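Report on one structure; see the data block that follows.
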Amino acid sequence: MASTDELKALLGAPIPMARNTYLHFYNGGKLRGEFVGDVDPTDDYYSEEWFFSTNRAITPGRDNPPDKGFSRMTLPSGETVLLSALLEAFPDETLGSAHVARHGTKLGLLMKMFDVGEGAHIPVHWHPSPEFAAKHLGSPYGKNESWILAATRPGVEAWVGFTEDVGEKKFRRWMDEQDIAAMRAHMYRIEPKPGDVTFIRTGIVHSLGEGCCVLEPQEPSDWNILAEWEGYPYGKEDAHCGVGWDLALTAAEFTKLDKDYLYDYILRKPTVDRTEDGNEQVEYLPDEARPYFWHNRYRVRTTMKTEPTHGYVGLIAHYGRGAVRGPWGDVAFRRGQGVFVPRCLAQDGFELVNNGDDMFEVICSYPPVSST
């Protein structure tokens, strides 16, 4: 266990995150491994990596120890400890008093990566809203989420929302019969490409097919109501978050999803918010996302100063290599590495520095902003 002095010493500079993956119920991991720099990565069911998390991962059909999913850091001594130990020891320095008043010593968001491997897919599913979670799951968090496509494989596809009203009764029949083809036949099929960004509200039924490797900022929960169970290491009664199917089905939207809403709102169009000497700050999300999480992208050709922020920042290098620079000097990181910048270091902004020949692209994740 780290001492208070060891933890305090970490506050002097941004903190590289230790690796944090685990065995999941769907096959994948090759593109995730390539993204983070593994040697000879393969699809092996280590299909997810959680970069910034104070959440326990609960995977149907797998072991779920109490600290599964929690982000980890490596001390100078070489010991690996949970990020939550630092947040609990120094909540104001890492999170800020306003954040702690609302979220306690939790991050208030979850940033992870998942990779759907060859011959696999993520089941047709949906996520409960914060209101549903508060009423039925004992949690203030639902699972609004965003997808940032990091990489794809040939034939990549995903399904989002229904092309017509299907109704709960018809969907339940498909589910009971495990007629996944019928579900997908009534959903919009999309072909994601690297760099695409989405914003998926809770309740929208969706599924991701083989070839999707995604960075996913989201509300800090692992609530997944899964309409598929055949071929997975869990059963029908393990798939409804413990609330029963009558209630779980009420958390989904079985009405038609307007096509314009899919292509003009869910599938996000980048907006260049600021340019500076060939560098860009790019925004993607609608304002409606701010109570849940926020992310943007810095495309750095040379050096670019980030904007001041209300709290911590989680950095993931999307392309290239560089450093985060401040009074502490330079903390180097490269594609696939995560760096946590505590509030005390992030609030006035910091510099992102390109140390490579290609553009250095960094995804910055931010905690939710209260509307009150």
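For the sequence shown, this note's numbering begins at 87 and goes up steadily by one. Even for Gly, the Cβ is constructed at its ideal location relative to N, Cα and C. Computed from a predicted model, the values in this text were never measured in an experiment.
- request: Tell me whether I144 sits in a helix, a strand or coil according to DSSP, three-state version.
  value: Numbered from its first residue, the sequence shown carries residue 144 at position 58. Here I144 sits in coil by DSSP.
Straight-line Cα distance separating D153 from K229: Taking the sequence shown and counting its residues from 1, one reaches residue 229 at position 143. Taking the sequence shown and counting its residues from 1, one reaches residue 153 at position 67. In this structure, the CA atom of K229 is about 20 Å from the CA atom of D153.
field: Helix, strand or coil at K116 [DSSP, three-state]
entry: Taking the sequence shown and counting its residues from 1, the one referred to as residue 116 is at position 30. Helix.
- request: Give me the Cα-Cα distance between Y370 and H396, rounded to the nearest whole angstrom.
  value: If you number the sequence shown from 1, residue 370 lands on position 284. If you number the sequence shown from 1, residue 396 lands on position 310. The straight-line gap from Cα to Cα measures roughly 19 Å.
query: Helix, strand or coil: how does DSSP classify Y131 here?
result: The residue labelled residue 131 in the question sits at position 45 within the sequence shown. Here Y131 sits in coil by DSSP.
task: Taking R461 as the reference, give the member of G194, T388 and Q304 with the closest Cα.
output: Past the boundaries of the shown model lies residue 461; the chain is included only from 87 to 458, so the question cannot be answered.
query: Ends of the beta strand (DSSP E) at P209?
result: Within the sequence shown, numbered from 1, the residue matching residue 209 stands at position 123. Start and end: I208 to W212.
message: Taking the straight line between their C-alpha atoms, what separation do you get for V455 and E92?
response: For the purposes of this step, residue 455 is taken as the residue at position 369 of the sequence shown. For the purposes of this step, residue 92 is taken as the residue at position 6 of the sequence shown. Taking the straight line joining both Cα atoms gives about 30 Å.
- request: Could you tell me whether the segment 105–112 touches the segment 137–153, using the rule of 3 or more Cβ pairs below 8 Å?
  value: Touching, per the Cβ criterion.
task: Could you tell me whether any non-hydrogen atom of the ligand HEM is closer than 7 Å to the CB of I286?
output: Among the components of this structure there are no ligands whatsoever, and the ligand HEM is therefore not found.
message: Suppose the cutoff is 6 Å on Cβ atoms and the five residues either side in sequence are ignored; what does the same chain contact list for E366 look like?
response: As a position in the sequence shown, residue 366 is number 280, starting the count at 1. Within the same chain, E366 has close Cβ partners V358 and R385.
message: Let me check one thing: in DSSP terms, what residues is T357 bridge-paired to?
response: Residue 357 sits at position 271 when you count from the first residue of the sequence shown. For T357, which the question treats as bridged, DSSP gives the partners E369.
query: Quick one: what's got a C-beta closer than 6 Å to S457's C-beta in the same chain, skipping five residues either side?
result: Residue mapping note: residue 457 aligns to position 371 of the sequence shown, counting from 1. Any reading at S457 needs caution, since the residue's pLDDT is 49, under 50, leaving its predicted position unreliable; the model's value is listed next. Excluding positions up to five away in sequence, the list reads P377.
message: In this structure, how does DSSP classify V425 when only helix, strand and coil are distinguished?
response: Here residue 425 corresponds to residue number 339 of the sequence shown, with the count starting at 1. The answer is strand: DSSP assigns V425 an E or B state.
- prompt: Is G224 buried or exposed, if buried means 16 or more other CB atoms sit within 10 Å of its CB?
  reply: Residue numbering aside, residue 224 sits at position 138 when the sequence shown is read from its first letter. Counting Cβ neighbours within 10 Å, G224 comes out exposed, since fewer than 16 surround it.
message: Suppose contacts are defined by Cβ-Cβ distances below 8 Å. Is L196 in contact with T284 by that definition?
response: Here residue 196 refers to the residue found at position 110 of the sequence shown. Here residue 284 refers to the residue found at position 198 of the sequence shown. Taking 8 Å as the Cβ cut-off, L196 and T284 do not qualify as a contacting pair.
- prompt: Quick one: Cα of A184 to Cα of K192, how far?
  reply: The count along the sequence shown starts at 1 and reaches residue 184 at position 98. The count along the sequence shown starts at 1 and reaches residue 192 at position 106. Their Cα atoms are separated by approximately 12 Å.
- request: Kindly provide the ranges of any beta strand (DSSP E) runs that are 3 or more residues long and lie completely inside the segment 263–296, ordered along the chain.
  value: You should have 273–276, 283–286 and 292–294.
task: Just the C-alpha distance for A338 and P151, rounded to the nearest angstrom, thanks.
output: As a position in the sequence shown, residue 338 is number 252, starting the count at 1. As a position in the sequence shown, residue 151 is number 65, starting the count at 1. If you take the alpha carbons of A338 and P151, they lie about 29 Å apart.
- request: Kindly indicate which three-state DSSP category M261 falls into: helix, strand or coil?
  value: Here residue 261 is taken as the residue at index 175 of the sequence shown, counted from 1. Reduced to three states, the DSSP call for M261 is helix.
field: Meets three-Cβ-pair contact criterion under 8 Å: the segment 194–209 and the segment 291–307
entry: Yes, the segment 194–209 touches the segment 291–307.
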